[in-house]
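Enquirer: Following this message is one structure expressed as structure tokens.
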Amino acid sequence: MEIEQLEKVASQVRRDIVRMVHGCQSGHPGGSLGCTELLVALYFERLKLKEQDGKPVFDMNGTDEDLFFLSNGHISPVWYSVLARRGYFPVAELATFRKLDSRLQGHPTTHEHLEGIRIASGSLGQGLSVALGAAMAKKLNNDKGHVYVLMGDGEQQEGQVWEAAGFAPHHEVDNLIAFIDLNGQQIDGPTVKVMNNRDLGKKYEAFGWEVISIEEGNDMAAVLKGLYEAKSRLGHGRPILILLHTGMGFGVDFMMGSHKWHGVAPNDEQLAAALGQLEETLGDY
1 MEIEQLEKVA SQVRRDIVRM VHGCQSGHPG GSLGCTELLV ALYFERLKLK
51 EQDGKPVFDM NGTDEDLFFL SNGHISPVWY SVLARRGYFP VAELATFRKL
101 DSRLQGHPTT HEHLEGIRIA SGSLGQGLSV ALGAAMAKKL NNDKGHVYVL
151 MGDGEQQEGQ VWEAAGFAPH HEVDNLIAFI DLNGQQIDGP TVKVMNNRDL
201 GKKYEAFGWE VISIEEGNDM AAVLKGLYEA KSRLGHGRPI LILLHTGMGF
251 GVDFMMGSHK WHGVAPNDEQ LAAALGQLEE TLGDY
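Read in order, the letters of the sequence shown are residues 1 to 285 in UniProt numbering.
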């Protein structure tokens, strides 16, 4: 897709996010809005997916296709919206987000058998380990697909992340691309105040990763360029880490840059203000 088309998808996804969270008065809009460009770029342009009649065909194994894992599962609104808009399940189902008997739980789970979801996530710190297992399985099976995983920057305070970070280069897991969403915010405040991660790039390099930085993580062209660069570096004995610099709440002016919108739903007035800033491009659910 052309960049302009991807940007239109991103605008609609942002509308979906604020409407979903408002509809149940629960959820995490800030990080979801910040990671919109990445997930749209992955699912509409970068990932190799099995398709039939232009729509993805989902199975749990994901053989001979690329896999994506969302470690910071609380930003499920952006993932659900992108999956629905890509054709994994009906867009109308987004209206059931976080409601009783919905397949769209606040944190993704496999129990509901929602197409596109392969693990239960949101217990922070575990996603990189899962992605490593999937990537190693692909290598053992001579499967040419790649594995992608998104983590939060607050999540880097979890010890299991660093066990996995040391494991991957040692075993030359070079079909893996990991992202850290560097929005500088977590539930209790700025990451530098809660527990300063300092220079994550240098830390991962010291562990043996190849590190790429996307400075404008909310610019579609910059995200695509970073994704293509990362793919070109795969297969050379080292996993890839992308530092994705995003804005918490990006696209909605009163949410941008504030940890207060990590897990707070907009009221009716705030929803109207947010929708007034986001173009409806694909039709609201």
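No residue lacks a Cβ here, since even glycine has one placed at the ideal position from N, Cα and C.
When you compare only the Cα positions, how much space is there between PHE254 and MET248?
Expert: Looking at the two C-alpha atoms, the distance is approximately 11 Å.
Enquirer: Beta strand (DSSP E) containing GLY152: first to last residue?
Expert: 147–152 is the span of the beta strand (DSSP E), which, as asked, contains GLY152.
Enquirer: Determine, for VAL264, whether the minimum Cβ-Cβ distance to residues of chain B falls below 9 Å.
Expert: The chain labelled as chain B is not found in the depicted structure, where only one protein chain is given.
Enquirer: Can you list, in chain order, the residues of its chain whose CB lies under 6 Å from that of LEU243, leaving out five sequence neighbours each side?
Expert: Only ILE180, LEU182, GLY201 and SER213 meet the Cβ criterion.
Enquirer: Relative to the C-alpha of LYS48, which residue among ASP16, GLY125 and VAL147 is closest?
Expert: Cα-wise, what sits closest to LYS48 is VAL147.
Enquirer: Leaving out five residues before and five after VAL13 in sequence, what residues of the same chain have Cβ atoms less than 7 Å from its Cβ?
Expert: Correct list, in chain order: THR36, VAL40, VAL78, SER81, VAL82 and ARG85.
Enquirer: Based on Cα-Cα distance, which residue from PRO29, GLN5 and ILE3 lies nearest to GLY251?
Expert: If we check each option's Cα against that of GLY251, PRO29 comes out closest.
Enquirer: Would you kindly report the start and end of the unbroken beta strand (DSSP E) that includes GLU210?
Expert: Its beta strand (DSSP E) spans residues 210–214.
Enquirer: Would you check if the stretch 92–112 and the stretch 136–153 touch, i.e. whether three or more CB-CB distances between them fall below 8 Å?
Expert: Taking 8 Å as the limit for Cβ pairs, the verdict is that the stretch 92–112 does not touch the stretch 136–153.
Enquirer: For HIS245, name the three-state secondary structure that DSSP assigns.
Expert: Three-state DSSP puts HIS245 in a strand.
Enquirer: The beta strand (DSSP E) spanning ILE177 covers which residue range?
Expert: ILE177 -> beta strand (DSSP E) spans 176–182.
Enquirer: Taking the alpha-carbon of ALA92 as reference, which of LYS8, LEU38 and ASP16 has the nearest alpha-carbon?
Expert: When only C-alpha atoms are compared, the closest one is ASP16.
Enquirer: Threshold first: 4 residues or longer. Then list the alpha helix (DSSP H) segments lying entirely within the stretch 30–101, N to C.
Expert: Counting whole runs of 4 or more residues, the stretch 30–101 contains the alpha helix (DSSP H) stretches 36–41 and 76–86.
Enquirer: Should GLN25 be labelled buried (16 or more other beta-carbon atoms within 10 Å of its own) or exposed?
Expert: So GLN25 counts as exposed.
Enquirer: Decide if the stretch 52–67 is in contact with the stretch 275–283; the criterion is three or more beta carbon pairs, one per stretch, under 8 Å apart.
Expert: Not touching, per the Cβ criterion.
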